[in-house]
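So for the sequence shown, my numbering puts the first residue at 1; every next one is plus one. Each residue gets a CB set at the ideal place from its N, CA and C atoms; glycine is no exception. On a predicted model such as this, the values are computed, not experimentally measured, just so you know.
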Amino acid sequence: MDDSREAAVASVLPEAETEKLVTEIREDLSVFDGIVDRAQAIIARYPQSRSALLPMLHLVQSVQGYVSQAGIQFCAQQLDLAPAEVSAVATFYTMYKRKPCGEHLVSVCTNTLCAALGGDSIYARLREHLGEPGKPLGHEETAGTPGEPGSITIEHAECLAACDLGPVLQVNYEFYDNQTPDKAVELVDALRRGEKPAPSRGAPLTDFKDVSLQLAGFFERESDVDGPSQATETLAGAQLAQDRGWTAPAMPATVAFPDLEKK
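The following block contains the structure:
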């Protein structure tokens with residue numbers, strides 16, 4: 001089985017698209033010529049080249065705005081892996097998009113607490129607002145032409161680890177806390193106008209391709225690592241304990257662990 005057929009078999013896309021996958025994987029890989037040096041720099045971080053696969057996938061995503069079949073082939077060649085191995089990882093993690101993404105990725109938390117606080121209503125409102133009349137936008141669908149200025153891909157996300165500030169959403173993985181349906185609509189409208197509203201915390205907002213490059217480990221501006229990563233509300237308990245001199249009992253220097261039951 002050749003590389004293109006192996007990757008197609010490993011794909012989770014509908015069977016009807018198999019032949020399309022076989023064709024795509026043979027497309028010119030020259031689109032990635034400009035990132036070969038960065039790919040090698042990623043590989044050099046690890047004792048085994050295959051360990052570089054996760055940041056490598058972010059790197060190829062920074063070029064095309066998604067992980068294409070050509071991107072899978074590029075990773076396989078750089079890491080000496082089978083395309084099926086790369087495809088298995090790319091289809092497991094939701095941060096790797098298998099179809100072109102918008103300039104901005106809007107992730108709305110719809111897990112239990114955010115949903116109870118209004119996350120479901122925010123997601124439903126954005127689906128209607130970004131979709132066409134009578135046809136709300138679906139999960140990982142895009143308003144506008146993917147990759148073009150002002151285009152937005154929407155998704156519902158599981159817990160974004162900001163329960164104390166819910167309901168929350170992220171734009172390209174930067175937080176926007178304490179959202180309401182109206183505030184969320186104002187936010188996406190600003191994005192469509194080409195504006196970049198400041199996140200609640202963290203680095204200044206960038207686009208999806210650029211944040212993929214950051215996730216690969218390349219920060220091209222000092223501001224990419226600016227801003228507090230924690231919210232004041234999240235640290236309130238620790239700050240209160242510090243102000244009042246509260247401490248927990250010290251951990252013993254040595255702790256005896258019970259013997260494990262033999263099987």
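Selection from the options that minimises the alpha carbon distance to residue i
i	options	result
ARG221	ASP210, ALA162 and PRO228	ASP210
PHE92	SER30, ILE43, LEU57 and GLN230	LEU57
PRO146	PRO100, ASN172 and ILE122	PRO100
GLU233	PRO197, ALA162 and ASP259	ALA162
LEU215	PRO252, SER30, TYR173 and LEU191	TYR173
ASP177	PRO199, PRO83 and LEU235	PRO199
CYS159	ASP120, GLU15 and HIS129	ASP120
GLY166	GLY34, PHE208, LEU260 and THR110	THR110
PRO181	PRO14, SER212, LEU130 and HIS139	LEU130
ALA278	ALA157, ALA238 and GLU140	Nothing can be reported for residue 278, as the shown portion of the chain is limited to 1 through 263.
For residue i: DSSP bridge partner residues
i	result
CYS109	ALA157
GLU141	ILE154
LYS135	GLU132
HIS104	ILE152
CA-to-CA distance, residue j to residue i, given in whole angstroms
i	j	result
ASP80	ALA88	15 Å
ALA115	ARG50	38 Å
CYS75	ALA241	48 Å
VAL171	LEU113	20 Å
GLY194	ALA250	52 Å
ALA52	THR142	30 Å
TYR46	GLN77	17 Å
PRO252	LYS196	49 Å
GLU17	ARG98	13 Å
GLY327	GLY144	The question about residue 327 has no answer here: the residues shown for the chain are numbered 1 through 263.
GLU148	THR206	14 Å
LEU260	GLN230	39 Å
LEU213	LYS263	47 Å
ALA236	ASP164	11 Å
HIS156	ALA203	22 Å
LYS135	TRP246	55 Å
THR94	PRO14	17 Å
HIS139	GLU19	25 Å
PRO133	ARG38	44 Å
ALA44	ASP28	26 Å
PRO228	LYS183	22 Å
Pair within 8 Å by beta-carbon distance, residue i and residue j
i	j	result
ARG125	VAL185	yes
GLY150	GLU85	no
ALA90	VAL67	yes
ARG127	LEU137	yes
ARG153	VAL188	Reading off the sequence, residue 153 comes out as Thr, not Arg. Contact: no.
LEU59	ILE72	no
ARG201	PHE219	no
ALA70	VAL36	no
GLY217	PRO55	yes
ILE122	GLN179	yes
GLN319	TYR96	This structure leaves residue 319 out entirely; the chain is present only between 1 and 263.
VAL108	LEU191	no
GLY65	PHE257	no
N- and C-terminal bounds of the beta strand (DSSP E) containing residue i
i	result
LEU169	169-171
PHE175	174-176
Where the alpha helix (DSSP H) through residue i begins and ends
i	result
LYS97	From DSSP, LYS97 is part of no alpha helix (DSSP H); its letter is neither H nor E.
ARG38	36-43
CYS75	69-79
PRO197	Element bounds for PRO197: n/a, residue is neither H nor E.
ASP210	208-215
ALA84	83-90
GLN239	236-244
GLU186	181-192
SER51	That residue, SER51, is in no alpha helix (DSSP H); it is neither H nor E in DSSP.
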